[in-house]
Amino acid sequence: MQLKDSPILNVTLRMLFPFVVLFSFQVFSYGANAPGGGFQAGVVLGTIVVILELLWERRIYEDGFYRAMEVGGLFLLFAFAAAGWAATGRPLGGFYGWQGRGGMFSNVYVWFLNLAVFLKVAGSIVLLFRLFLGWRHEEA
Amino acid sequence: MKRPEREPPPFRSRALAAAAALLVLAVAGFARFGPLSVTVRFHEEVGEFADLARSLNIRNLVTAVYLGPRVLDTFLEALVVVLAVSGMAFVRERS
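Here the protein sequences line up with chains X and P, keeping their order. According to our numbering, the first sequence is numbered sequentially starting from 38. According to our numbering, the second sequence is numbered sequentially starting from -3.
Okay, structure coming up:
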């Protein structure tokens, strides 16, 4: 029996997937006030996608989706860097006063930075995995 | 009937066993002869980080540092990951 035929793994991971996605959103959203942040959340999301792709031996969404995530995160970072540079002379500076209320948006700028890092890391991890896997398949 | 020849392991098993034994001895030695407690030292700069987090209206000191004064490092770190993906894609296209 192959790994992808295992009903235990299939059912467990299929049921776990939405909760892991939700957890990754929580980790980056509350990264300013709880343990976590954009990097960790991106790794959580990327890892569950990689595990499922290894199990099912097929892609969950095309490369374009993850490339869009990566580019979106990068665009946000570059936009804040440019805006901060124009406003204060320091890249990524000048928006820390954009503060709100509650655990999620106590600092809106930090939330956006965490979002950008999350998108970029999650997209990059899946793309890197696919590149490595494609390479190994070609060698075999 | 001839038995199939076993492939040699990709590592030196004796060297690995010796290294593992050494590691176990070192851990046991540290547990027996090492310091009984860890010296706790108060770092004055923690107060500065707490003030920084308070000024940002956040509670996670790690986030306060890596998205505060070290945000440029975080930005460059993010670029490193992008560079890794681009590099892999480039090498794969060429190979």
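Backbone N, C-alpha and C fix where the C-beta goes; we use that ideal spot for every residue, glycine too.
In the structure shown, the three-state DSSP call for residue 47 (chain X) is helix.
Residue 67 (chain P) has a beta carbon lying within less than 7 Å of a beta carbon in chain X. Taking 7 Å as the CB threshold, residue 86 (chain P) stays off the interface with chain X. Each of X:44, X:139 and X:158 was checked against the Cα of residue 105 (chain X), and the nearest Cα belongs to X:158. Closest in alpha carbon position to residue 81 (chain P), among X:142, X:98, X:108 and X:59, is X:108. One Cα belongs to residue 152 (chain X), the other to residue 9 (chain P), and the distance between them is close to 46 Å. Within the model, the alpha-carbon separation for residue 76 (chain P) versus residue 88 (chain P) is close to 18 Å. Taken in chain order, the members of the stretch 122 to 136 of chain X whose beta-carbon sits within less than 7 Å of a beta-carbon on chain P are 128, 129, 133 and 136. Around the beta carbon of residue 24 (chain P), a 10 Å sphere encloses fewer than 16 other beta carbons of the protein chains shown; the residue is thus reported as exposed. Here DSSP, grouped into helix, strand and coil, assigns residue 39 (chain X) to coil. Two segments are said to touch when three or more pairs of C-beta atoms, one from each, lie closer than 8 Å; by this definition the stretch 134 to 150 of chain X does not touch the stretch 40 to 49 of chain P.
If you ignore the 5 residues before and after residue 19 (chain P), its C-beta comes within less than 7 Å of no other C-beta in its own chain.
Between residue 121 (chain X) and the set X:93, X:150, X:141 and X:72, the nearest pair of CA atoms involves X:150. Listed along chain P is no residue with a C-beta nearer than 9 Å to that of residue 99 (chain X); the closest approach is about 15 Å. Closer than 9 Å at the C-beta level to chain P, one finds these residues of the stretch 60 to 77 of chain X: 67, 68, 69, 70, 71, 72, 73, 74, 75 and 76.
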